[in-house]
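Take a look at the structure set out below.
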Amino acid sequence: MNEILRLEKLRKTYARAFDDLEILKGADLTIHEGETVAIIGKSGSGKSTLLNLAALLDSKSGGRIFYDGIDTDTLSASEVEERRRTFMGFVFQNSMLLEDFSAIENVEFPLLIQGRSRKEAEKIAEKLLSSIGLENRRDHLPSELSGGERQRIAIARALSSGARLIFADEPTGSLDEQSRRETEELILSIPQDGRRAVLLVTHDLELARKADRLLELKGGCLEELDP
Ligand code: ADP
Ligand code: MG
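Numbering (my numbering), first residue to last: 64 to 290.
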C-alpha cells in the first residue's frame, strides 16, 4: 500500500496574551491508500487543529507533513493551492454547502474551479448523485434537504474533484440516528476503490471503531488503539 499522508512530530502552539497553549506536542501518523483512519479524543484535545494542519489550512509550529512522500514545506504557495484543489476533499460537521446553489451545482463546484467545462462537470456530478441515491434531489436547494442528505451532498462534493485524501471533522456530529448511519456508510465506503484514504476525527467512538485504524489524541500525541 502506498503512503498518502505522513505526519512527523507535528507540533502546534497557539500564542496567547499570558501563556502559550501547546496543543500538539509531536503527533506522528502515516496513512496509506485504501485506509480509513479515525482519531478520537476529548473535546478540546486538538482534533480539529490536527486536521487543519494536515490539510495545510493552518500553519504548524513544528514537525513535518508529507503528501505522497513529498515534504509539503518544499511546495510553493501555488503548489499547495493546486494540491488542495485536486488532492484533498473536506467534510465538516455542518455541511457548509453553498445555500444559493442547488445540490448538483454544489457537487459541480470543485470541478468548475479545476477548469472543467459546465457540461463535463454536470456529467460527473450526476453520476456521483446517483451513486449516493440522491439523483432525485439534484435541483433542490440545500435548505430543502434533510441534514443527512446535506451531508451526503457534501461528501459527493468532496469526492467530485477526484480527491484522494478526504478529511472529515465530526461528519455525523449533528445528525439523527438514521442519517448518521447513512452518512457513516458512505464515508466508510470511500477508500474501497483502494486509491483513496479518509482521515476522520470524531468523538463518536461507535463510528470511530468502524474505521480500519483507530487512534487517540491525548496529551498532544497520537496513540494507536485496537479498533
Ligand atoms: P477539538 O477539535 O479536539 O475539540 P480543537 O482542535 O478545536 O479541539 O481545539 C484544541 C484547543 O485549542 C482548545 O482548547 C481550543 O480552545 C484551542 N484553540 C483552537 N483554535 C485556537 C485558536 N485559533 N487560538 C487559540 N486557541 C485555539
Ligand atoms: Mg473539533
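Cβ coordinates follow ideal geometry from the N, Cα and C atoms, glycine included.
Identified DSSP bridge partners for residue i
i: Gly-125; result: Arg-74
i: Lys-88; result: Arg-74
i: Met-151; result: Leu-228
i: Thr-135; result: Thr-135 is not bridged to any residue.
i: Arg-69; result: Thr-93, Phe-129
i: Thr-112; result: Paired residues: none, contrary to the question.
Residue i and residue j closer than 7 Å at C-beta
i: Gln-156; j: Glu-212; result: no
i: Leu-73; j: Ala-90; result: yes
i: Pro-173; j: Ser-108; result: no
i: Arg-148; j: Gln-177; result: yes
i: Glu-162; j: Ala-188; result: no
i: Phe-230; j: Leu-262; result: yes
i: Arg-127; j: Ala-166; result: no
i: Leu-270; j: Thr-235; result: yes
i: Lys-75; j: Ile-86; result: yes
i: Leu-251; j: Thr-99; result: yes
i: Ala-184; j: Leu-228; result: no
i: Ala-221; j: Val-143; result: no
i: Pro-254; j: Gly-97; result: yes
i: Gly-283; j: Lys-110; result: no
Ligand 1 heavy atom lying under 6 Å from the CB of residue i
i: Ser-252; result: no
i: Tyr-77; result: yes
i: Ser-111; result: yes
i: Ser-108; result: yes
i: Ile-102; result: no
i: Ile-216; result: no
i: Ile-176; result: no
Nearest-angstrom beta carbon gap, residue j and residue i [assumed within contact, 8 Å]
i: Leu-160; j: Ile-216; result: 6 Å
i: Glu-247; j: Lys-273; result: 7 Å
Near ligand 2: residue i beta-carbon under 6 Å from a heavy atom
i: Ser-206; result: no
i: Lys-105; result: no
Residue i burial status per 10 Å Cβ neighbour count (16 or more: buried)
i: Asn-65; result: exposed
i: Leu-113; result: buried
i: Lys-182; result: exposed
i: Tyr-130; result: buried
i: Glu-168; result: buried
i: Ser-158; result: buried
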